[in-house]
């Protein structure tokens with residue numbers, strides 16, 4: 049849960065405030081340190097440019113992601129010569145997204161079907177920026193766990209979501225990414241351009257990894273849960 053999740057639960061259910069607390073999504077971080085030559089090899093394997101800033105989205109491709117907005121962002125990104133969007137996943141809207149790729153013949157983006165986790169982790173680590181998409185119509189705060197894999201990889205994050213979730217605010221306040229509402233594709237492209245600066249990108253990526261290690265490891269969840277048994 050996140051702070052906004054807690055507020056929502058308390059506001060919309062008959063529960064006492066004292067029995068609701070934040071226990072965030074967590075992972076046991078794995079260090080995957082790739083050499084530049086290894087990143088180049090991975091990109092070549094999937095026919096991904098080695099000379100562009102790669103923005104990767106990995107996960108569910110369904111109604112919650114707002115495919116129409118994603119397609120609009122892909123269309124606008126075609127005018128950008130330095131960026132490339134990679135989408136990896138599966139879901140109820142995968143075929144519709146594939147149809148958009150077939151229709152528009154995108155040259156600055158690529159769509160790959162879901163792959164084994166180990167392969168995806170390597171591909172993500174060979175990319176530069178993690179993407180999060182959530183439909184703008186959500187009214188219940190969501191906190192997508194996919195940001196954890198980006199943070200583990202030391203990647204900055206670009207989010208386009210609804211206004212109900214607080215994940216964008218958390219990312220911006222802790223200086224490891226940027227957020228816009230998922231109705232504003234022009235703003236999304238503007239924010240993409242910020243990440244073309246490698247020094248800036250690496251600084252935000254370090255912040256992301258540090259925040260993960262300080263807040264979102266399995267140990268943190270364990271300690272929160274076990275604290276109720278130790279009283």
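In our numbering, the protein residues as written are 49 to 279.
Quick reminder that beta carbons are idealized off the backbone N, C-alpha and C, glycines included.
Can you tell me whether residue i is buried or exposed, with buried defined as 16 or more other CB within 10 angstroms of its CB?
i, result
"residue 121", "buried"
"residue 85", "exposed"
"residue 177", "buried"
"residue 144", "exposed"
"residue 246", "exposed"
"residue 79", "exposed"
"residue 141", "buried"
"residue 309", "The chain is shown only over 49 to 279; residue 309 falls outside these bounds and no answer can be derived."
I'd like the list of long-range same chain contacts for residue i, defined as Cβ closer than 8 Å, with 5 residues on each side in sequence excluded.
i, result
"residue 224", "199, 204, 205, 252, 253, 255, 256, 259"
"residue 273", "71"
"residue 146", "159"
Report yes if the C-beta distance between residue i and residue j is below 7 Å; otherwise report no.
i, j, result
"residue 114", "residue 230", "yes"
"residue 194", "residue 107", "yes"
"residue 51", "residue 214", "yes"
"residue 179", "residue 105", "yes"
"residue 235", "residue 228", "yes"
"residue 74", "residue 269", "yes"
"residue 82", "residue 222", "no"
"residue 133", "residue 94", "no"
"residue 242", "residue 209", "no"
"residue 264", "residue 112", "no"
"residue 156", "residue 126", "yes"
Short of 6 Å in beta carbon distance, which residues of its chain neighbour residue i, apart from the five on each side in sequence? Order them along the chain.
i, result
"residue 240", "131"
"residue 162", "137, 138"
"residue 135", "105, 159"
"residue 59", "none"
"residue 149", "159"
Excluding sequence positions up to five away, which residues of its chain have a Cβ less than 7 Å from the Cβ of residue i?
i, result
"residue 233", "117, 120, 121, 124"
"residue 207", "180, 215, 216, 219, 225, 227"
"residue 90", "170, 171, 174"
"residue 63", "57"
Would you mind working out which of the options sits nearest residue i, comparing C-alpha positions?
i, options, result
"residue 211", "188, 192, 221", "188"
"residue 70", "55, 80, 169, 247", "55"
"residue 197", "209, 168, 184", "168"
"residue 88", "242, 265, 175", "175"
"residue 248", "271, 63, 101", "101"
"residue 237", "165, 61, 129, 59", "129"
"residue 261", "201, 244, 277", "201"
"residue 99", "276, 266, 244", "244"
At what residue ranges does the segment 158–243 contain a whole run of the alpha helix (DSSP H), taking only runs of 4 or more? 165–173, 195–200, 215–221, 233–242
Identify every run of the beta strand (DSSP E) within the segment 67–147, keeping only runs that are complete inside it and at least 3 residues long; order them along the chain. 101–108, 131–138
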